[in-house]
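141 is the number of the first residue of the sequence shown in the numbering used here; add one for each residue after it.
Here is the structure we will look at.
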Amino acid sequence: MLPDRARLRLLSAAATASALALGACASPDSADADRAGDTREAQGASLAITAAAAAAPGDASWTDGRPLVNSLDPVRARVDIAAGTEQLVVRLQHAQVTAIPQACLPSTVTRRRSDIVGAATLQCQPRPDARVVTIDALAIGETGDRLTGTATVVRDGRTSTSSLPARTIALGRALRPDTRLVSSPDFLNGDVGDLREGPSSWTPRRSTNSTNAAYERTLAKVLDDWASLRPLAVLVAGDLVDGRWGYDDHDTGNFGPVETIPQARRALRRAARTYYPQWKARFTERGLFPVPAPGDHEYGDNPWSRKKLALAGAFKSEYARTFTRDAEGRPVFADHPEGPAATTAYAGRPTPDVQVVSLDVFSPSPRGMRIGLDPQQFEWLRGVLARAKRDRVEWILVQGHTPIIWPVASRGSSRLHYPGGTSSRLWKLLRRYDVDLYLAGEVHDTTAVERDGVVQISHGGIFQFGLTTALVIDFYGPAAYLTLRDYDIRHSDVGPRLWETRREGMPAQLRMVGTPFTIGTAILQNGRLVAPSGILQPRG
């Protein structure tokens, strides 16, 4: 049970301001890895503090004079900066940064500007007109720990550092979420696997392999980071693989002949039984439980030719063979629809307070591929949401590969989206049953949107091009703290590209620079994003 939960909810502040104090921990078993939540006043209030207006540029101070604080208390620091400041780095000790300040330029998925490293270091590229940077944090520590920090300013090529006055933590307490989930759509969006570990006919004479040491090292760093967070599950809203199977653009014969539909179907199965088990094994060997949904690449990728549509049944059965059926062919998830999506859509409650639903938004037929739920899946979803509402489940999360609200930011994507948007039957159903969060992929960029009391976050991206992100969702009773983790993954073509069944393969080399960092934070409460920062500031 969380300590003093009532005081961690929405707290009243002076006049028009409000603050929400929440926390998060990187590992429930490690007190010194506790990750903090968020506390922020309204923007106008946070920029109106003028008590230290006469301070010299680079000076750092607390905005209140309390020498004693308790662990989990919200604290606020300010740093005065001058025009031309290029970078500000604030390092706290026994406190956790909870938001990227408004005075700092937000990062994008390809350009790093301002972020939180670990939990206690803010790296800020100030906006050109910023003269004060306000840093919100939570005190985190044991009784007697000293809360302090430094602020380093880079301006005109010169560096200066000032220190925050030390404060003492009078009462030490730890804070841990009720439940933690991680979301990373479009992971990997590539066929990364050792061809020697599958039913293929590969030899080095035929082609390069579909993985190498650089890829496996980089994958390990990302997945080890997720494992360190100790989530109950990792949600992956589609495009686990490249999936252009049943083809062989370079006539390697790695999965056998592909000239006829029966041959292509056999080659598809060999490819699926090579790549899918290795994808899943990377999770399970780290104690991670993947919760995937099918994307367009699980159906061969769009556009859909007659050949791909003829292979749709094989794509579906191979996906189910790895993810939704056990070795005897029985459903892994008891709650699933009947009909076409019986093996690709499912629901479950990792805890009594959290309902998770994974949808299959693709409806293939000999006439074409339609984006939308088949009637049986729609009625099943209605029943799942109605039961969750009846049972007074605190949180309802739904994932599907394509965004529903449109437009959203996209990068290197075919920009598939759910027809009808907020006028669609699906969105109206989510709204009717007070779904809290809809998670989507496809677009390889990040956008948070609020509509009708539902929040949609589209994020994630192609691993081999450095677009992978992970949304950490920490639940605390009636509020959830969201942090979007990013990874500086760089690729190059030094050496032969990795083999895929179609196109020219994947970049030859990958490497991750530095450690994971946070580029956005927000609090999810009552269908709204409270105090969002960085890239999670809602669009529209």
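Idealized CB from N, CA, C, for every residue including glycine.
For W567, the enclosing alpha helix (DSSP H) covers residues R565 to R572. Here DSSP, grouped into helix, strand and coil, assigns F502 to strand. Per the Cβ contact rule, the region 319-327 is in contact with the region 576-591 (3 or more Cβ pairs under 8 Å).
Annotated three-state conformation of A291 is strand, per DSSP. Between the alpha carbons of D364 and R426 lies a distance of about 7 Å. Judged by pairs of C-beta atoms under 8 Å, the region 305-323 touches the region 205-215, as three or more such pairs exist. 8 Å or more divides the Cβ of A235 from the Cβ of T274. Ranked by Cα distance from I401, the options R218, P443 and G453 are led by G453.
L638 is positioned such that its CB atom lies no closer than 8 Å to that of L676. Among the bridge pairs identified by DSSP, Y616 is matched with A619. Pairing L375 with V431 gives a Cβ-Cβ distance under 8 Å. Taking the Cα positions, A217 is about 20 Å away from I663. Classified as buried, V612 has 16 or more neighbouring CB atoms from the shown chains inside 10 Å of its CB. Boundaries of the beta strand (DSSP E) harbouring G660: F657 to Q665, taken from the DSSP string.
For P402, the uninterrupted alpha helix (DSSP H) run begins and ends at I401 to T424, by DSSP. Under a 10 Å Cβ-count criterion, V653 is classified as exposed, with fewer than 16 other Cβ atoms of the shown protein chains found around its own Cβ. Residue pairing by DSSP places H390 opposite no residue, since no beta bridge is assigned to it.
Close CB contacts of G393 within its chain, under the 7 Å cut and outside five residues either way in sequence, are with S341 and R346 (chain order). In the structure shown, the three-state DSSP call for E226 is strand.
Between G396 and P434 a beta carbon distance of about 24 Å is seen, past the 8 Å cut, so the two are scored as non-contacting. The continuous stretches of alpha helix (DSSP H) do not include V575, and DSSP gives it neither H nor E.
Between A528 and R571, the alpha-carbon positions lie close to 14 Å from each other. For L537, the enclosing beta strand (DSSP E) begins and ends at W535 to Q539. The beta carbons of A481 and S498 sit no closer together than 8 Å. Listed in chain order, the non-local C-beta contacts of S303 below 6 Å within the same chain comprise T290, local neighbours out to five positions each way being set aside.
In the DSSP assignment, A354 falls within the unbroken alpha helix (DSSP H) covering A353 to L369. In the same chain as D285, and ignoring 5 residues on each side of it, the C-beta atoms closer than 6 Å to its own belong to H234 and I309, in chain order. When secondary structure is reduced to three states using DSSP, S457 falls in the helix class. By DSSP's assignment, D220 forms a beta bridge with V272. Burial is judged here by how many other beta carbons sit within 10 angstroms of a residue's own beta carbon; G440 has at least 16 and is buried. In this structure, the CA atom of V249 is about 8 Å from the CA atom of D626. Under DSSP, H631 forms a beta bridge with L650. Non-local C-beta neighbours of V634 in its own chain, meaning closer than 8 Å and more than five positions away in sequence, comprise A648 and Q649, ordered along the chain. Put simply, the region 539-547 does not touch the region 516-525. Fewer than three CB pairs are less than 8 Å apart.
Secondary structure of L449 (DSSP, three-state): helix. Within the model, the alpha-carbon separation for Y616 versus P317 is close to 6 Å.
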